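So the protein sequences, as listed, match chains G and V.
When the letters of the first sequence are read in order and numbered with the numbering used here, they come out as residues 2 to 82.
When the letters of the second sequence are read in order and numbered with the numbering used here, they come out as residues 2 to 82.
C-beta: ideal position from N, C-alpha, C; glycine also.
Quick caveat: nothing in here was measured; it's all calculated off a predicted structure.
There are 2 protein chains.
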Amino acid sequence: MKARIKITLKSGVLDPQGKAIEHALGGLGFDGIEGVRQGKYIELELAETNPEAAKAQVKEMCKQLLANTVIENYSFELEEA
Amino acid sequence: MKARIKITLKSGVLDPQGKAIEHALGGLGFDGIEGVRQGKYIELELAETNPEAAKAQVKEMCKQLLANTVIENYSFELEEA
């Protein structure tokens, strides 16, 4: 199965990278842009074919390695290969 | 409107960060994981309310700043605020 994982900073956590992008967009003439937040996007292939087991596995990966759950949220979608 | 933008490396472009994640997941005991690719995920708020105009604006932002279209693909979704 294919997993598509989005990892975003929790609201309230400062995002200087997002601020830099917002500023750069303004400088390029894009008006009315605000609330830019940058996160991570990870795609991976799982050998696991059972959707429930795959879900549990991806959740565990996010908790243990991919996301810092103190400051980040994660969400993911699974797709049959 | 809210835009959610995913920026991924084109297939064929080496992704050492993805490889490092894959290796680390293996080290943590997650078996059967392959094809890990890391990309960027950006959320932003647009003042523009017309969906067609917002789409054109986000596309232009991706081309000019957010994605390096030589090595990266981008896709995005728009959502009414």
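It is roughly 11 Å from the alpha-carbon of Ile34 (chain G) to the alpha-carbon of Ala25 (chain G). Gln39 (chain V): member of the beta strand (DSSP E) spanning 34–47, first to last residue. Assigned with DSSP and collapsed to three states, Ile8 (chain G) falls in strand.
DSSP places Leu26 (chain G) in the helix class (H, G or I) of the three-state scheme. Taking a beta-carbon distance threshold of 8 Å, Gly27 (chain V) does not count as an interface residue toward chain G.
Contact between the segment 29–49 of chain G and the segment 32–48 of chain V is present, with at least three C-beta pairs closer than 8 Å. When C-alpha distances from Leu15 (chain G) are compared across G:Gln65, G:Gly40, G:Glu49, the shortest belongs to G:Gly40. Here Lys7 (chain G) is buried: its Cβ has 16 or more other Cβ atoms, across all protein chains shown, within 10 Å.
Taking C-beta atoms under 8 Å as the contact rule, Gln18 (chain G) and Phe31 (chain V) fail to qualify, at a distance of about 28 Å. Residue state for Glu78 (chain G) is assigned as strand, using DSSP reduced to three classes.
When DSSP reads this structure, Lys3 (chain V) sits in a beta bridge with V:Glu46, V:Glu80. About 6 Å separates the Cβ atoms of Glu49 (chain G) and Met2 (chain G), confirming a contact at the 8 Å cut-off. The continuous stretches of alpha helix (DSSP H) do not include Val71 (chain G), and DSSP gives it neither H nor E. Interface residue (Cβ-Cβ distance to chain G less than 8 Å): Met2 (chain V) is not classified as such. By the Cβ neighbour-count rule, Thr70 (chain V) is exposed, with fewer than 16 other Cβ atoms within 10 Å of its own. Taking a Cβ-Cβ threshold of 8 Å, none of the residues of chain V is close to Phe77 (chain G); the smallest such distance is about 12 Å.
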